[in-house]
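One structure is given here, and the rest of the page talks about it.
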């Protein structure tokens, strides 16, 4: 990087240029200096000229004013009797100094700092919510410079700082020369009350080109005249900027300005627009990390002490409000404090002084399921119902971008607004968009639902405005006078309708709240200024104000924000896959448990156990993955401890879910009459389904279908120690029901049927597909859809289908973050090799082939490919053995689809997102997070791809850290992005062990939404097997039961476009909650019936189970209305059979 740019080659009028006008101080030396001298042609910019410059009044009020001169020395090889001008491009990341002084060979100049919004250049800029800029052009008259020994000294005056983007000295007259400027009246944002009237503070900017002793100015505006007297002080030229208070304007008015400098008079007439009378809503929060700064138990304890402090502040300052960023903070406090403190907190919450976020935790919404996100709202709503606390605002902090499902979700529960304190690290959504500058706006959901949204640059903004903890109280307040108008700079536009903005949050991650939370600053400010008025508020207060005054003047944006931080979940691929499994197991356990209790009410529904399991699922998907030093010091005890706790959320939730499912199914099976050990295939979707199932049997056992009383053919997977694992096809399982398969003993005993082997072949085929494996990589070389006569694999790709890619490199490159000046990532892709066929067999279900390969840091990749004669689907099971490394790495499985004109859409919680078309400006395009499916389309042909275990994928290419604003689809390639360690904090540095990644594929001509929904449920919530077995001390054959073992449907729902999400006991104990999802974009009514239960009452509810509208029940059936791509929540009150 050049440290000194000599622009004479391109512009002969340029004498010298320091830095490049690129919006960054990166070319300059880091830090600040007390003073410096830079000699052009000798000094090195990156070493000798600091990019940061402190003002003349420092942070310590006890230290007298001290200037910090930065001097540039240079010789002049041009005529010195000509005009020159100096251009300073300045950056203000924090509170700006008031004025800038320059000394040019003893001639002194002064200029006011005039702030303008600055475009971000990288993620660091994106987190600087005070960021502003100025271009200052300083004319240098003839004779001020000399042939040799020139010195230009720059000093920021007053309290504040600035950074250097570039400095350029040029010959000629500046277009914006002081000589051509006229005196102007410049309104500020400040209004005061003086002598009972509202006044507006202005600057009278007075250009001058030589010293003067006697200066006067008069300003006539409306019917008043204002006068000032002044001198040039010790300056030879520049722009003076004395303050002038005028009567506040309600409409634009002409100002007539007359300035006299030592008898020379200049006049100007201008139209003065009244300043907006700003309301600044301070919405204090402490950012809640579950860990990160310390181990989780310490953080949880700190949180309770902070809440104690909040209660004291609320008592001392009755006007104050404090927003609880997560409802977990409240649950934690109520759990850890005695009755008196609990009641005090609840009283403050009831009064609206301690408003509670609707969300339980700060979640990575891209990896949450729809049901999980509904559950994340339940705790706050339970407080609302039980204690009368609020349920009127939602926010998510730190995690920078969220699922397009949120407008639908929040609208469904009656919340009309959402705020996001968005950290731009590895997530430049606000860097590459103007979503902060246009906030608040309406975020429109898939179906047109709109919520108001404030997109904040980072969080802890009150602390950034006051510099709390860095300054004493007196200086902090003075600093606030600088930062409030600087913060407003982004919104000082004619097209910005509201007169109110939000200050998002107060303090950083798990900070200790200061004793007063700077509440006295608010009191002092509002005594001194009428506007901007500081209003301590809840998020809901802010949105209510905007809705009342500006609801019809806000812009509308549609689309998904992307999954920027969800990529960290791939740093712990095993635990993430486990949690994804739990997300699907819990609902089927709830359905099973509900049905068991419906049959037998004395079987208490284990509501608290389900809540605890869901809570652990949420804690795993919460955005705090580990310690702040998890990458730099991964072996430290606190780092290991934090990961131990985080991992336990996934493991405990999964164990609890499986235990709940087993117990619930055991209860349910008590209603089914069996003669002996039986495998039940359960189908909790509302259509007939068939599914390959894997079960364990004794060596001498086989299965009999109790509906046909015929033996069931099985695929022997392995056999040892008197037992075997087999796969069989469970055919035609009734909707919302089961089918039974008796376990019988061969009589006489016989060996298990063996599969036919073709170990030398690399191809498998059935009536749907012909699949050929590449003998080197273990990936699919060719995949022919036989009906379409089409190869699904792009033969021009350098990768095979399902090929394992190990990617290394990228340290300190753009793949780490969008950092200005970072080099592009240099990545090395190591492909799997040394392929060998482990087995290739014909089975009663179809064919399967297993191959093994190896790759860098990956001793074994075992890939199993399965084709089924009766199901048009390819299943792939990849089992990976990987070793740990701290070098930067990523792992992918490649899926290069053949497509001439590819288009993609991926599945979110309630519908589909098309990259680019259905994304917010600046949204993540480096990678995406799916619920389960990606749909690839090409000229009327469709491929559906399912990823059950790994949520991330990339399109067209692997992640290279390009931070794209638009993704071009030059090919149909998809990459399952299963592992990485690219993060530099929070996420895990290494991972090793065994990993399983399952994929499924189907294809056809223009797969419909109904077909895609069926494929989704078949691969994500499939038919599942439950072995109902006798133990050595208790038999399953025990008396008469209500249901036959052969098969039955327990409920009937006649709309195939509705997926069954869950059936659970209602939170209030009044009946059961049936949650459905409309999947095809249709509107209509579905009929729910039961051949067994008596439907007594049905209510349409919102997403948190509040009754909205009665549903008519006739002839033991209910007509359920549904809308496109929405969850439908129904309360059912039912009697058990026979009652």
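Residue numbers (my numbering): 79 to 1217.
Virtual Cβ for every residue (Gly too), placed ideally from N, Cα, C.
Residue 333 is a Cβ neighbour of residue 350, given a cutoff of 7 Å. The C-beta distance from residue 609 to residue 269 rounds to 4 Å, short enough to fall under 8 Å. Close CB contacts of residue 517 within its chain, under the 6 Å cut and outside five residues either way in sequence, are with 532 and 533 (chain order). Taking 7 Å as the cut-off, the Cβ atoms of residue 454 and residue 696 count as close.
Apart from sequence neighbours up to five positions away, the residues of its chain that approach residue 249 with a beta-carbon distance below 7 Å are 91, 93, 156, 160 and 162, ordered along the chain. For residue 768, the secondary structure class from DSSP, reduced to helix, strand or coil, is strand. Burial check for residue 548: the Cβ neighbour count within 10 Å stays below 16, so the residue is exposed.
Residue 661 counts as buried, since no fewer than 16 other beta carbons sit within 10 angstroms of its beta carbon. In chain order, 597 place their CB closer than 6 Å to the CB of residue 395, counting only its own chain and leaving out the 5 sequence neighbours on each side. According to DSSP, residue pairing for residue 337 in a beta bridge involves 295 and 344.
In summary, residue 961 is exposed, with fewer than 16 beta-carbon neighbours lying within 10 Å of its beta-carbon over all protein chains present.
Per DSSP, the beta-bridge partners of residue 1185 are 1179. Annotation: the continuous alpha helix (DSSP H) that includes residue 204 extends over 201-204. With 16 or more other Cβ atoms from the protein chains shown falling within 10 Å of its own Cβ, residue 1030 counts as buried. Only residues of its own chain outside the window of five on either side were considered, and among them 1059, 1065 and 1066 have a CB closer than 6 Å to the CB of residue 649, listed in chain order. By the Cβ test, the segment 694-711 is in contact with the segment 439-446, since at least three Cβ pairs between them sit closer than 8 Å. Comparing alpha-carbon positions, the option among 941, 1055 and 1130 lying closest to residue 654 turns out to be 1055. The closest CA to that of residue 147, considering only 97, 234 and 226, is found on 234. When the Cα atoms are used, residue 1152 and residue 811 turn out to be separated by approximately 21 Å. Straight across, the Cα-Cα distance linking residue 972 with residue 877 is about 7 Å. By the beta-carbon neighbour count (other beta carbons within 10 angstroms, threshold 16), residue 671 is buried. DSSP places residue 677 in the helix class (H, G or I) of the three-state scheme. Bounds of the beta strand (DSSP E) holding residue 930 are 924-933. Between residue 632 and residue 537, the gap from beta carbon to beta carbon reaches 7 Å or more. Between the segment 751-770 and the segment 881-888, the count of Cβ pairs shorter than 8 Å is below three; the stretches do not touch. Residue 507 and residue 200 have their C-alpha atoms roughly 10 Å apart.
Inter-residue distance for residue 1018 and residue 563 is about 55 Å (C-alpha atoms, whole angstroms). Within the segment 1117-1146, the runs of beta strand (DSSP E) that reach at least 3 residues and sit entirely inside it are, in chain order, 1125-1127 and 1136-1143. If you ignore the 5 residues before and after residue 490, its C-beta comes within less than 6 Å of the C-beta of 1180 and 1181, all in its own chain and listed in chain order. In the DSSP annotation of this structure, residue 1040 is not part of any alpha helix (DSSP H), being labelled neither H nor E. For residue 647, there is no enclosing alpha helix (DSSP H), as DSSP marks it with neither H nor E.
Residue burial is scored here from C-beta neighbours: residue 1216 has fewer than 16 other C-beta atoms within 10 angstroms and is therefore classed as exposed.
The closest CA to that of residue 422, considering only 404, 1146 and 467, is found on 467. Taking 7 Å as the cut-off, the beta carbon of residue 859 is found closer than this to the beta carbon of residue 852.
Between the C-alpha atoms of residue 640 and residue 480 there is a straight-line separation of about 6 Å. Here the alpha carbons of residue 352 and residue 329 stand approximately 6 Å from one another.
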